[in-house]
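Asker: Chains as they are written, first to last, in our numbering: chain A, 1 to 250; chain B, 251 to 500. No residue lacks a Cβ here, since even glycine has one placed at the ideal position from N, Cα and C. The structure presented is a predicted model; accordingly, all values stated were derived computationally and were not measured. My questions will all concern the structure given below.
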């Protein structure tokens with residue numbers, strides 16, 4: 001048996017999310033089906049993070065176990081051929097130790113959230129960013145974001161369906177930068193609560209539009225109450241950007 | 251009668267190109283239909299450049315004449331609402347002089363061509379770039395591009411369907427730059443022959459892959475013969491990037 005680490009890119013638009021579903025297409029289902037077609041084996045794929053419907057991935061680490069002996073290049077090319085026409089691509093494939101786990105060995109996750117700040121609808125970036133027509137106040141968003149960095153109880157920014165044991169998380173990075181007519185939010189932590197990034201970005205959007213002051217963000221955090229959440233940003237602007245592991249991969 | 255200058259963005263994937271067609275969707279047809287729905291008038295739209303099927307636009311100037319009196323904001327918002335779900339967006343609308351013409355007043359056109367230089371298929375950028383798996387030699391491409399800049403007979407780089415009176419054109423700019431794992435080609439000229447940018451980029455691709463030397467590009471140009479063309483790059487990597495006019499718009 002060989003354990004393989006795959007890095008996947010996908011367009012979240014047609015999928016119900018990462019996790020295999022009976023009632024619709026999933027990225028997990030797509031990669032497992034391709035691996036089964038290639039090897040004849042029943043394969044279970046594990047991802048660093050489970051993403052919701054519509055959420056994209058720039059570089060999602062996933063592992064699968066295969067009995068069949070393959071070289072990395074052939075595995076990558078074969079999976080990519082079999083994944084068509086699903087918008088999922090295997091960016092790389094490498095052998096890892098049998099105890100390496102895409103989810104449990106992961107030491108850090110990074111997300112990118114794209115806000116397109118313009119009046120016109122998105123033609124080229126439809127389904128790829130959250131469009132906010134009202135001009136956003138970048139400095140206010142940056143000030144608000146700073147309140148969330150650190151070790152906090154993130155109950156306010158947590159989905160009611162969140163399965164995490166604790167609402168306590170350490171947010172290592174929450175940066176807001178202007179990139180042309182877009183605003184990018186970069187978030188990094190060892191792990192996130194369900195909907196945490198979208199919830200934080202939704203409130204940053206309210207701050208940017210002037211509906212919330214930067215201090216309202218601190219008040220929302222301190223409320224430790226989902227009812228204090230201002231807005232959950234849409235899934236389509238969210239990208240799983242990368243993950244960190246120990247050793248030479250890190 | 252008011253003449254309106256519209257700047258359009260579109261995703262070329264679902265369209266047969268700019269020009270109205272009996273047998274399939276076109277950007278011209280989409281914008282004319284939206285304007286007719288809004289005003290009840292028969293509208294003809296004129297674009298700075300006519301693009302082929304699959305070619306995108308980041309900022310295409312277009313003009314239409316309307317009898318109905320409208321303000322610019324209402325026109326933009328109304329057209330955008332009526333264009334849905336077509337992936338066409340009106341980025342701006344402004345009144346111009348009645349003799350201003352999107353095509354005939356245009357003093358310069360710019361194109362961007364995106365090459366994605368990676369082994370894996372494109373999941374997020376499918377239909378948005380030309381993927382070349384083999385690592386490209388950027389310096390060789392830059393050297394080859396320099397041979398094409400200036401006033402030349404571009405017969406080699408001209409479609410057999412080109413309707414231009416003359417194959418003589420002045421290419422003001424042809425720059426090749428690395429952007430992450432992409433190579434961007436920037437082309438600018440007063441006007442281009444049909445398929446000129448795609449033909450030049452196709453040959454640049456051959457140079458980058460080592461199938462042509464940079465000097466082969468000069469030989470191809472000097473052949474003044476379509477048979478000397480190495481490769482026509484696919485439409486999906488091409489973006490009409492902008493146009494130049496006299497006056498304060500320039």
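For the stretch 479-494 of chain B against the stretch 293-309 of chain B, are there 3 or more C-beta pairs whose distance is under 8 Å?
Answerer: yes
Asker: Could you give the distance in angstroms between the alpha-carbon of residue 234 of chain A and the alpha-carbon of residue 100 of chain A?
Answerer: 33 Å
Asker: Run through chain B and tell me which residues come within less than 8 Å of residue 126 of chain A, C-beta to C-beta.
Answerer: 261, 337
Asker: Can you list the residues of chain A that residue 373 of chain B reaches, using a CB-CB cut of under 7 Å?
Answerer: The answer, in chain order, is 9, 10, 11, 87, 88, 89.
Asker: Report the residue from B:425, B:287, B:409 whose alpha carbon sits nearest the alpha carbon of residue 479 of chain B.
Answerer: B:409
Asker: Whole-angstrom Cβ separation of residue 32 of chain A and residue 45 of chain A, contact assumed at under 8 Å?
Answerer: 5 Å
Asker: Identify which residue in B:414, B:394, B:276 has its Cα closest to the Cα of residue 403 of chain B.
Answerer: Shortest Cα-Cα distance from residue 403 of chain B to any of B:414, B:394, B:276 involves B:414.
Asker: Check the Cβ-Cβ distances between residue 80 of chain A and every residue of chain B, and say whether any is below 8 Å.
Answerer: yes
Asker: Quick check on the burial criterion: 16 or more other C-beta atoms within 10 angstroms. Buried or exposed for residue 407 of chain B?
Answerer: buried
Asker: Quick check: the Cα distance between residue 222 of chain A and residue 170 of chain A, rounded to an integer number of angstroms?
Answerer: 15 Å
Asker: Take residue 494 of chain B as the anchor and find which of B:447, B:426, B:358, B:444 has the nearest alpha-carbon.
Answerer: B:358
Asker: Check the Cβ of residue 445 of chain B against every Cβ in chain A and list those closer than 9 Å, keeping chain order.
Answerer: What residue 445 of chain B touches in chain A: nothing, since even the nearest Cβ is about 22 Å away.
Asker: Measure how close the beta-carbons of residue 200 of chain A and residue 132 of chain A come, nearest whole angstrom, since I'm counting them as under 8 Å.
Answerer: 15 Å between Cβ atoms; not a contact.
Asker: Taking DSSP's pairing of strands, which residues face residue 251 of chain A in a bridge?
Answerer: With chain A represented from 1 up to 250, any question about residue 251 of chain A goes unanswered, as that position is not in the structure.
Asker: Tell me whether residue 212 of chain B sits in a helix, a strand or coil according to DSSP, three-state version.
Answerer: This structure cannot settle anything about residue 212 of chain B, because the visible part of chain B is limited to 251 through 500.
Asker: Kindly provide the ranges of any beta strand (DSSP E) runs that are 3 or more residues long and lie completely inside the stretch 157-222 of chain A, ordered along the chain.
Answerer: 168-179, 182-189
Asker: According to DSSP, is residue 35 of chain A helix, strand or coil?
Answerer: helix
Asker: Could one say the Cβ of residue 474 of chain B lies closer than 8 Å to chain A's Cβ atoms, at least one of them?
Answerer: The beta carbon of residue 474 of chain B does not come within 8 Å of any beta carbon belonging to chain A, so the residue lies off that interface.
Asker: I'd like to know if the stretch 185-196 of chain A and the stretch 120-137 of chain A are in contact, where contact means that at least 3 CB-CB pairs between them fall below 8 Å.
Answerer: no
Asker: Keeping to the same chain, check which residues put their C-beta closer than 7 Å to that of residue 190 of chain A; ignore five residues upstream and five downstream.
Answerer: 107, 108, 170
Asker: Run through chain A and tell me which residues come within less than 8 Å of residue 306 of chain B, C-beta to C-beta.
Answerer: Result: 124.
Asker: Is the separation between the beta-carbon of residue 10 of chain A and that of residue 88 of chain A shorter than 8 Å?
Answerer: yes
Asker: The alpha helix (DSSP H) spanning residue 139 of chain A covers which residue range?
Answerer: 138-146
Asker: Return the CA-CA distance between residue 23 of chain A and residue 345 of chain B, expressed in angstroms with no decimal places.
Answerer: 51 Å
Asker: Compare the C-beta of residue 370 of chain B against all C-beta atoms of chain A and say whether one is closer than 8 Å.
Answerer: yes
Asker: Compute the distance between the beta-carbons of residue 155 of chain A and residue 226 of chain A, then report whether it is under 8 Å.
Answerer: yes
Asker: Going by beta-carbon coordinates alone, are residue 390 of chain B and residue 293 of chain B separated by less than 8 Å?
Answerer: In this structure, residue 390 of chain B keeps its C-beta atom at 8 Å or more from the C-beta atom of residue 293 of chain B.
Asker: How would you label residue 262 of chain B, buried or exposed, when you count the other beta carbons within 10 angstroms and need 16 or more for buried?
Answerer: Buried is the call here.
Asker: Short of 6 Å in beta carbon distance, which residues of its chain neighbour residue 102 of chain A, apart from the five on each side in sequence? Order them along the chain.
Answerer: 46, 47, 48, 61, 62, 63.
Asker: Verify whether the separation of the beta carbon atoms of residue 145 of chain A and residue 174 of chain A is less than 8 Å.
Answerer: yes
Asker: If you follow the beta strand (DSSP E) that residue 151 of chain A is in, where does it begin and where does it stop?
Answerer: 150-153
Asker: If we call anything under 8 Å between Cβ atoms a contact, is residue 355 of chain B one with residue 257 of chain B?
Answerer: Contact: no.
Asker: Less than 8 Å between the C-beta atoms of residue 385 of chain B and residue 367 of chain B, yes or no?
Answerer: A Cβ-Cβ contact shorter than 8 Å links residue 385 of chain B with residue 367 of chain B.
Asker: What do you get for residue 284 of chain B, buried or exposed, if any count of 16 or more other CB atoms within 10 angstroms of its CB means buried?
Answerer: buried
Asker: Grab me the residues of residue 79 of chain A's own chain with a C-beta within less than 8 Å of its C-beta, minus the 5 sequence neighbours each way, in chain order.
Answerer: 6, 31, 34, 35, 38, 90, 93
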